[in-house]
Amino acid sequence: MNRTPALFLLLGLVAGVCAREYRVDRTQDIVYKEIDGKKLRLNVFVPKGDGPFPAVLVVHGGAWRAGSRTQLTMYAKSLARRGYSCFAINYRLAPKHKSPAQIEDCRDAVRWIRRNAADYRVDPGRIGAIGYSAGGHLVSLLATTGLSKEDDPKGVGTKIPAAVAGGTPTDFRTNRENSKMLSYWLGGSLSNKRQIYHSASPAAFVDKDDAPIFFFNGSADMLVPVKTHPTVGYAGPTALHTALKKAGVETDLHIIKGAGHFFAIFNKTALDAGYAFLDNHLKGSNKLRVFLLAGQSNMQGQGVVDFDHPKYYNGGKGILKNVMKNRERAHLYQHIVDAKGDWVVRDDVFVRHQTKDELKTGGLTIGFTGYGGNHHIGPEFQLGHLVGEAYDEPVLLIKTAWGGKSIHRDFRPPSSGGSTGEFYKKMLAEYREGLAKIGHEFPQLAKRKPELSGFVWFQGWNDMFDGDALKEYEANLVNLIKDVRREFRQPNLPVVIGELGNGGPKAGNNMLTIRKAQKAAAKALGPNTTFVQTTQFARPAKESPNVGHGHHWYGNAESYFLIGDALGQALLRLTGK
Numbered sequence: 238m239n240r241t242p243a244l245f246l247l248l249g250l251v252a253g254v255c256a257r258e259y260r261v262d263r264t265q266d267i268v269y270k271e272i273d274g275k276k277l278r279l280n281v282f283v284p285k286g287d288g289p290f291p292a293v294l295v296v297h298g299g300a301w302r303a304g305s306r307t308q309l310t311m312y313a314k315s316l317a318r319r320g321y322s323c324f325a326i327n328y329r330l331a332p333k334h335k336s337p338a339q340i341e342d343c344r345d346a347v348r349w350i351r352r353n354a355a356d357y358r359v360d361p362g363r364i365g366a367i368g369y370s371a372g373g374h375l376v377s378l379l380a381t382t383g384l385s386k387e388d389d390p391k392g393v394g395t396k397i398p399a400a401v402a403g404g405t406p407t408d409f410r411t412n413r414e415n416s417k418m419l420s421y422w423l424g425g426s427l428s429n430k431r432q433i434y435h436s437a438s439p440a441a442f443v444d445k446d447d448a449p450i451f452f453f454n455g456s457a458d459m460l461v462p463v464k465t466h467p468t469v470g471y472a473g474p475t476a477l478h479t480a481l482k483k484a485g486v487e488t489d490l491h492i493i494k495g496a497g498h499f500f501a502i503f504n505k506t507a508l509d510a511g512y513a514f515l516d517n518h519l520k521g522s523n524k525l526r527v528f529l530l531a532g533q534s535n536m537q538g539q540g541v542v543d544f545d546h547p548k549y550y551n552g553g554k555g556i557l558k559n560v561m562k563n564r565e566r567a568h569l570y571q572h573i574v575d576a577k578g579d580w581v582v583r584d585d586v587f588v589r590h591q592t593k594d595e596l597k598t599g600g601l602t603i604g605f606t607g608y609g610g611n612h613h614i615g616p617e618f619q620l621g622h623l624v625g626e627a628y629d630e631p632v633l634l635i636k637t638a639w640g641g642k643s644i645h646r647d648f649r650p651p652s653s654g655g656s657t658g659e660f661y662k663k664m665l666a667e668y669r670e671g672l673a674k675i676g677h678e679f680p681q682l683a684k685r686k687p688e689l690s691g692f693v694w695f696q697g698w699n700d701m702f703d704g705d706a707l708k709e710y711e712a713n714l715v716n717l718i719k720d721v722r723r724e725f726r727q728p729n730l731p732v733v734i735g736e737l738g739n740g741g742p743k744a745g746n747n748m749l750t751i752r753k754a755q756k757a758a759a760k761a762l763g764p765n766t767t768f769v770q771t772t773q774f775a776r777p778a779k780e781s782p783n784v785g786h787g788h789h790w791y792g793n794a795e796s797y798f799l800i801g802d803a804l805g806q807a808l809l810r811l812t813g814k
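In the working numbering, the protein residues as written are 238 to 814.
Printed below as a string of structure tokens:
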């Protein structure tokens, strides 16, 4: 069998093809890893400017046995000019170093970039990758096998948000059983190295959490055919592209008509599309994600954080500082304090809440409730942490809540007839005021374009005590949500309705009627609305700080935390996050 294809598989062209100067700072020959007495180096291309910039790992081709970090300098320069800090790496080569040495080096390069992000004006949360041929294979494997910081044995994280892969073999499990074409790299044939062939195949690891990948390939590529190599049997990009689509992961495959393996490397149309794909996933939009939270006193928040007086707060039972110490649930609260034990203040999630006495604004932390000081939480607390982790863009929560208010009168929507409720009008007015004053109240968000991304409703108590309010609750809630969507011209605005779950599953007829109406309203409003059960989060009075406040979940912080978690998860499901 002719071994020439294996020898030259995935070889790239030299960087001299495109000798242009860019407005970038370039640093060469930086050691990012030392192993077995060998120093692995990279070249860095950083845009001029303050940053932080998204980063791209640039991985060369060469059949896993040849090539160097200078091979795809054009990619690095072009991307640096587009606003990326680029890192073009060397990695260990076969046959001396067999798989998985190459992918291990790529993972360590990602870790090195994260550890040294500040030195190169990099945002460590936005590190993508691009490669051609062998490099395309390696970045594809990065995309399907990335580890979070928590799962990474080295505690850094190798997960990337997106990759561009050209001329890419993606599945070696389809190789001919006794073919030795790739034995110099995989250590033998498929028949006697099956697990290694499996481990080297990006398509073997596909799941819904994989990074999006843009593939490009020449239609006349004989080294890495679009589908399957006719003699060796390994699969080209189609295998992984198809598997990603099936798993619901964003992916695209650009076929360059008439191009062979080498001529596809610098195809401008394909590269422009690939660069745009990276832009879409790494650069983040100029949006500000805004969520409107509304309701009465339980949306205001009554969860006690740290009061523990033996008489007035039941000795601190059920307060946040104590429930987070429970060994069985401690993992749920790890993100809310820093290494020193201080409450985390997020710099990507912000809250605006006008109370009776003051306007509260700032980064999400404890204290955004109707009380003074920082001693209580509401549903916004954990909800904000969840959406902050889910979105690349910053988040603003505008909380509009007042105690003792009914939807029948105070929040009465226009479509229900009669006088529109004072607090319905006030809810909309405070939302608009919040947007109008973003530049003053949150200067760091001044240049962002606000986009209402969800509405959360948590209310119901006062409507229990009026026969007409009880009877009309479902219709009034349906009208309120329709009117809110109409007001903001967003007919598909995601809406979450939190159940009036005080006291747990067992409740009086009036409360059960409200719960049934809330659930029915969500169903009537269709697929962009969801009802969230909360009764399971009720805790007994004896295990809570405010033993006489059943209408406020007895002030139990765990209840409010878990309610916020459930509302947040439902919101993210509706928004596809």
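All C-beta atoms in this analysis are idealised placements derived from N, C-alpha and C, irrespective of residue type, glycine included.
F702 counts as exposed, since fewer than 16 other C-beta atoms from the protein chains shown sit within 10 angstroms of its C-beta. Excluding the 5 residues flanking it on each side, I573 has same chain C-beta neighbours closer than 6 Å at V581, in chain order.
A distance of 8 Å or more separates the beta carbons of F695 and P631.
Contact between the stretch 684 to 695 and the stretch 720 to 737 is present, with at least three C-beta pairs closer than 8 Å.
If you draw a straight line from the Cα of L423 to the Cα of V296, it comes to about 19 Å.
Around the beta-carbon of H546, fewer than 16 other beta-carbon atoms lie within 10 Å, marking it exposed.
Going by DSSP, Q591 is part of the beta strand (DSSP E) stretching over 586 to 591. Here L714 really is in contact with Q755; their C-beta atoms are around 7 Å apart, less than 8 Å. Fully enclosed beta strand (DSSP E) runs of no fewer than 3 residues occupy 586 to 591, 596 to 600 of the stretch 576 to 628, in order along the chain. Taking 3 residues as the shortest admissible run, the stretch 276 to 345 contains the following complete beta strand (DSSP E) segments, listed from N- to C-terminal end: 290 to 296, 322 to 326. Counting the other Cβ atoms within 10 Å of the Cβ of P680 gives fewer than 16, which makes it exposed.
Residue L279 holds the alpha-carbon nearest to the alpha-carbon of Y357 among S385, V401, L279.
The C-beta distance from R363 to L519 rounds to 5 Å, short enough to meet the 8 Å contact threshold. When the Cα atoms are used, V461 and G511 turn out to be separated by approximately 19 Å.
The beta carbon of P687 lies closer than 6 Å to those of L525, V527, L672 in the same chain, with the five residues before and after it left out. Between N716 and K642, the C-beta spacing is not below 8 Å.
According to the DSSP secondary-structure assignment, Y512 is paired through a beta bridge with no residue. With 16 or more other Cβ atoms from the protein chains shown falling within 10 Å of its own Cβ, T395 counts as buried.
In its chain, beyond the 5 residues on either side, K779, S781, P782, N783, V784 have a beta carbon closer than 8 Å to the beta carbon of N551. In the same chain as A441, and ignoring 5 residues on each side of it, the C-beta atoms closer than 6 Å to its own belong to H435, in chain order. When the five nearest sequence neighbours on each side are left out, the beta carbons in the same chain lying within less than 6 Å of the beta carbon of E667 are those of Q591, T637, in order along the chain. In terms of Cβ geometry, G553 and Y797 do not form a close pair [threshold 8 Å]. DSSP places G372 inside the alpha helix (DSSP H), whose first and last residues are 371 to 382. Non-local C-beta neighbours of K494 in its own chain, meaning closer than 6 Å and more than five positions away in sequence, comprise S456, ordered along the chain. Distance from the Cα of H622 is smallest, within the candidate group H612, L601, G609, G615, for L601. A residue is called buried when at least 16 other Cβ atoms come within 10 angstroms of its Cβ; N746 does not meet this threshold and is exposed. Restricted to the stretch 664 to 717, the beta strand (DSSP E) segments that are unbroken, complete and at least 3 residues in length are 686 to 695, listed in chain order. In the DSSP annotation of this structure, the continuous segment of the beta strand (DSSP E) that includes F528 starts and ends at 524 to 532. In the structure shown, the three-state DSSP call for K520 is coil.
A346 is classed as buried because its beta carbon has at least 16 other beta carbons within 10 Å across all chains shown. Looking at the backbone, the Cα of T465 and that of A472 are separated by about 4 Å. Bridge partners of I267 according to DSSP: L279. Leaving aside the five residues that flank L804 on each side, the residues in its chain whose CB is nearer than 6 Å to its CB run, in chain order, P616, L620, V693, V733, G735, V769.
With 16 or more other CB atoms across the displayed protein chains lying within 10 angstroms of its CB, N412 is buried.
One thing to note: L809 has its Cβ within 8 Å of the Cβ of V624.
Between S522 and A437, the C-beta spacing is not below 8 Å.
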